[in-house]
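All remarks here apply to the structure that follows.
Number of protein chains: 2
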Amino acid sequence: MSTVTAQADSYLRTRALGARDAARKLAATDPSVRDAALAAIATAMEAERDAIYAANTLDCEAASTLAAKGEIGEPLVARLDLRQGKFETALDMVQSVAAQPDPLWQTQRATELDDGLELFRVTVPIGVIGVIFESRPDALVQIAALCLKSGNAVLLKGGSEAAHSNRILADVIVRATEGIEGIPAGWLTLLETRGDVTEILGMDDAIDLIIPRGSKDFAAYVMANTKIPVTGHTDGVCHVYVDAAADFDKALRVAIDSKIQDVSTCCTEETLLVHADMAEGFLQRAIKELGEAKVLIRGDERVRALPGVNGQVEAATEEDWSAEYLDYVLSVKIVDSLEEAIDHINRFGSAHTDTIVTEDKAAATRFLQGVDSASVFVNASTRFADGYRYGLGAEIGISTGRLHSRGPVGLEGLTTYKYLLEGSGQIVDDYSGSDARPYTHKLLDRQWTRVS
Amino acid sequence: MSTVTAQADSYLRTRALGARDAARKLAATDPSVRDAALAAIATAMEAERDAIYAANTLDCEAASTLAAKGEIGEPLVARLDLRQGKFETALDMVQSVAAQPDPLWQTQRATELDDGLELFRVTVPIGVIGVIFESRPDALVQIAALCLKSGNAVLLKGGSEAAHSNRILADVIVRATEGIEGIPAGWLTLLETRGDVTEILGMDDAIDLIIPRGSKDFAAYVMANTKIPVTGHTDGVCHVYVDAAADFDKALRVAIDSKIQDVSTCCTEETLLVHADMAEGFLQRAIKELGEAKVLIRGDERVRALPGVNGQVEAATEEDWSAEYLDYVLSVKIVDSLEEAIDHINRFGSAHTDTIVTEDKAAATRFLQGVDSASVFVNASTRFADGYRYGLGAEIGISTGRLHSRGPVGLEGLTTYKYLLEGSGQIVDDYSGSDARPYTHKLLDRQWTRVS
């Protein structure tokens with residue numbers, strides 16, 4: 002048994018180190034090479050559609066059997082199914098990722114240090130990325146496409162319920178790119194077991210970033226069990242604050258849409274804060290409309306004491322202020338000032354997405370600056386916090402971390418940068434000491450260009 | 002004893018949580034407030050110069066006593082001394098940090114999502130930063146100034162040899178900023194003991210970034226003992242590669258300056274790689290000149306077999322290729338191709354700074370793209386890898402990490418970003434379903450502006 006484990010370890014480690022080599026080669030490829038590889042993936046998926054459907058059917062049938070016994074929920078079965086439009090969506094996604102501008106070797110800043118000595122800060126891939134995703138097999142296609150476009154090698158682990166689908170999709174993708182000159186072998190590895198995940202979480206010398214997607218418990222587990230940087234989010238406790246200077250109708254629309262447009266997302270409103278000056282009239286109406294939409298309200302004492310809401314509001318407990326319901330439940334609290342709202346959000350929120358409804362531009366600025374979250378909105382639904390809606394193209398995930406990337410993460414979040422300095426024989430000794438040559442430090446409006 | 006420890010824990014934790022509050026307030030300050038605070042620091046330091054010198058004298062005398070007994074080195078005594086010009090340099094640094102452009106609330110990208118629905122990605126402070134620095138007390142002033150300018154709260158721990166100097170400097174800085182309207186109390190805390198450091202390394206819920214400065218062993222210790230993100234570097238194993246198409250004189254200047262301009266820095270050349278076509282003539286001359294500069298050469302067998310270098314080259318062992326000598330020692334190896342040089346650097350280097358000397362622009366591109374280091378140069382000394390030389394102003398440290406910041410880190414590396422969305426009541430329901438309103442996703446050439 003120990004021999005088997007040792008062999009398995011050695012296989013994955015070999016793959017991870019191979020991914021590092023592949024990533025270095027991928028980094029230097031022309032964008033046309035990566036785009037050709039993406040086109041080949043789309044073509045191969047189309048050609049292998051029947052085989053992919055057959056594998057997916059095995060997963061769906063197994064899941065249906067479990068669902069019939071009540072061992073898993075029906076929504077999981079639906080998420081697994083590629084055959085009802087998700088296959089087409091995945092194909093479209095590959096093409097739309099290919100159509101994005103090249104995220105690599107873009108100049109972020111160019112500085113002349115001296116005549117003939119020019120410094121460029123350019124975008125480069127992060128390197129080797131481990132992505133552990135939920136059971137949707139279409140996510141595998143999206144993640145592979147985003148990593149390939151951004152020049153990163155990827156180790157992928159999907160849900161075990163989608164094992165047949167994931168295996169054939171990974172196989173089709175790898176074989177499609179094998180035929181493209183310039184794409185290195187080993188850029189994508191599919192992991193099969195939970196033990197594989199445990200093992201890669203320990204490879205902080207070989208993997209540069211882990212992206213956990215799926216349940217918040219799993220994301221929290223990953224964050225607690227690896228020294229590798231993690232991009233992801235656990236809780237999404239998002240707030241709508243209706244300011245004293247809010248427009249009544251805007252506030253109603255935003256408060257309701259943020260809750261019910263989709264109750265199960267990380268950017269769904271979980272707490273509604275209302276300024277005392279607006280509370281009575283606004284909450285009477287909002288609680289009525291939310292009730293008609295089947296939303297259960299949990300309010301503080303002041304909310305419960307409002308005339309006309311009698312019996313429609315349960316008592317909120319301290320736990321409600323930090324609860325992520327992901328359900329038709331909303332906690333509601335009355336605050337006496339903008340500052341109290343900001344403090345409440347910073348204390349109980351999850352730094353994900355929070356919105357103020359107000360016509361007072363100075364209040365809006367104080368909220369935008371004071372709320373310490375990845376996305377902070379004025380007069381707009383929290384549900385806008387999404388890579389596609391932000392215009393980032395496809396999204397690899399949402400980050401509530403503070404470093405490198407925050408909020409929805411698209412292709413750019415899969416890059417980092419390096420400095421390139423182009424000189425003509427300059428040495429530091431000439432710029433040191435009493436007769437030091439001065440630096441010019443002039444910003445240049447130029448892109449770094451490669452010569453081949 | 003346990004009571005004392007519990008009290009100490011509680012004090013530091015209170016300070017760290019207070020730093021979080023302070024950071025949130027500092028983030029929203031006008032740049033004029035932070036610049037006024039920096040000016041007040043400079044004025045107070047000038048006014049307290051005698052007291053600061055007196056405290057510094059205590060540290061220097063204690064260190065001199067230890068040095069006389071041979072318990073510490075003379076260079077450490079010199080590093081401690083503020084009185085021989087370092088005080089003025091620290092004052093200049095405060096003023097030059099104040100003169101930098103505001104790093105906060107700068108728009109990185111503005112996107113119109115729809116008419117009247119505009120998304121801004123703006124820079125914001127990271128939050129609470131822990132900096133553990135070497136014995137130079139002037140570093141405290143520089144770090145405090147950089148953190149204040151960038152709106153971050155800071156927990157600072159200096160070397161115990163500089164305890165008196167650090168204590169008075171921190172006290173002068175904190176008192177100077179107490180008088181500035183808008184600067185929150187608690188933005189700077191001085192830690193006093195190693196136990197304090199151990200404690201803050203465990204506060205991953207309260208501290209956003211740790212910056213260890215000083216020995217590589219200490220940086221490695223910090224990286225291994227905290228879940229907080231770390232910006233720093235351990236090894237600096239930097240290379241100069243002399244290509245087949247190198248200009249002989251440029252190669253000689255760059256190879257020698259990279260080694261001897263200052264042998265003790267992290268961007269000092271530790272290995273010289275030479276293409277076989279250039280090796281004989283170039284190495285005969287380079288080894289002679291390096292020998293005259295008292296540099297000990299450790300070469301591979303091919304270097305040792307060159308005519309005319311007999312007896313001047315020790316045999317390099319495998320360990321030499323990854324050694325950071327920080328001394329008058331250089332390992333030298335002959336390679337047969339550009340690719341062999343790139344592979345050697347990626348395998349044995351520390352991803353810090355590496356340079357190619359060549360007149361072949363395509364070779365330069367392959368090196369710049371293929372070497373996976375934070376700074377990659379063409380025809381320039383490795384010693385240019387420095388925040389001041391890069392035009393970043395003062396430098397908080399150098400990062401060999403891949404995420405968030407790489408290479409020299411200035412004010413910008415102390416910021417992250419958040420998304421601000423300004424709407425007029427938009428809800429996601431209108432942009433969903435079969436009659437969905439489309440997004441415009443138009444890039445805007447506009448800065449986000451605050452209204453007060």
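Just so you know, the sequences run in chain order U and A. The first sequence: position 130 = 131 (my numbering), numbered continuously. The second sequence: position 200 = 201 (my numbering), numbered continuously. Even glycine gets a Cβ: it sits at the ideal position worked out from N, Cα and C.
- In this structure, VAL198(U) and ILE133(U) form a Cβ contact; the two beta carbons are roughly 6 Å apart against a cut-off of 8 Å.
- ASP355(U) is bridged by DSSP to HIS240(U), VAL377(U).
- Cβ proximity to chain U below 7 Å picks out nothing from the segment 285-313 of chain A.
- The way I'd put it, the segment 259-272 of chain U does touch the segment 325-335 of chain U; three or more beta-carbon pairs between them come closer than 8 Å.
- Within the segment 2-47 of chain U, complete alpha helix (DSSP H) segments of at least 4 residues are found at 3-28, given in chain order.
- Out of ARG348(U), VAL275(U), SER376(U), VAL314(U), the CA that lies nearest to the CA of VAL336(U) is found in VAL275(U).
- Interface with chain U (8 Å Cβ-Cβ cutoff): ASP373(A) is included.
- Measuring C-alpha to C-alpha distances from GLU200(A) to each of SER351(A), GLN448(A), THR15(A), VAL452(A) identifies THR15(A) as the nearest.
- Residue pairing for VAL231(U): DSSP places it in a beta bridge opposite ILE211(U).
- Listed along chain A are GLU423, GLY424, SER425, GLY426, GLN427, each with a C-beta nearer than 8 Å to that of ASN380(U).
- Interface residue (Cβ-Cβ distance to chain U less than 8 Å): ALA245(A) is not classified as such.
- Taken in chain order, the members of the segment 110-137 of chain A whose beta-carbon sits within less than 7 Å of a beta-carbon on chain U are THR112, LEU114, LEU118, LEU120, ILE127, GLY128.
- At a Cβ-Cβ threshold of 8 Å, ALA45(U) and ARG176(U) count as neighbours.
- Taking 8 Å as the CB threshold, ALA342(A) stays off the interface with chain U.
- For PHE121(A), the enclosing beta strand (DSSP E) starts and ends at 118-126.
- Excluding residues up to 5 positions away in sequence, LEU210 lie with their Cβ nearer than 6 Å to the Cβ of PRO230(U) in the same chain.
- The C-alpha of THR66(U) lies about 27 Å from the C-alpha of THR266(U).
- The count of Cβ pairs closer than 8 Å, one atom from the segment 437-445 of chain A and one from the segment 420-427 of chain U, stays below three, leaving the stretches out of contact.
- Secondary structure at VAL264(U): coil, using DSSP grouped into helix, strand and coil.
- In the displayed model, GLY398(A) falls within a strand according to three-state DSSP.
- When the beta-carbon positions are compared, GLY183(A) and THR30(A) come within less than 8 Å of each other.
- Our two residues, SER332(U) and ALA317(U), have alpha carbons roughly 7 Å apart in a direct line.
- A check of alpha carbon separations from ALA41(U) across ALA68(U), LEU149(U), CYS61(U), THR124(U) identifies LEU149(U) as the nearest.
- Under a 10 Å Cβ-count criterion, ALA100(U) is classified as exposed, with fewer than 16 other Cβ atoms of the shown protein chains found around its own Cβ.
- With fewer than 16 other Cβ atoms from the protein chains shown falling within 10 Å of its own Cβ, SER161(A) counts as exposed.
- In terms of CA proximity to VAL358(U), ALA247(U) leads the group ALA247(U), TYR432(U), THR417(U).
- At a beta-carbon threshold of 7 Å, none of the residues of chain A lie near ALA220(U); the nearest stands roughly 14 Å away.
- Between THR450(A) and LYS419(A), the alpha-carbon positions lie close to 14 Å from each other.
- At a C-beta separation below 9 Å, VAL98(A) has no neighbours in chain U, since its nearest C-beta there lies roughly 16 Å away.
- In this structure, LEU147(U) is the residue among PHE121(U), CYS61(U), LEU284(U), LEU147(U) with its C-alpha nearest to the C-alpha of ILE212(U).
- At a cut-off of 8 Å between beta carbons, LEU202(U) makes no contact with chain A.
- Shown here, ARG305(A) sits in a helix according to DSSP, grouped into three states.
- Residue environment for VAL452(A): exposed (fewer than 16 other C-beta atoms within 10 angstroms of its C-beta).
- Taking CB atoms only, LEU404(U) has a neighbour in chain A less than 8 Å away.
- ALA24(U) is positioned such that its CB atom lies no closer than 8 Å to that of LEU92(U).
- Under a criterion of Cβ atoms nearer than 8 Å, the residues of chain A adjacent to TYR418(U) are, in order, ARG407.
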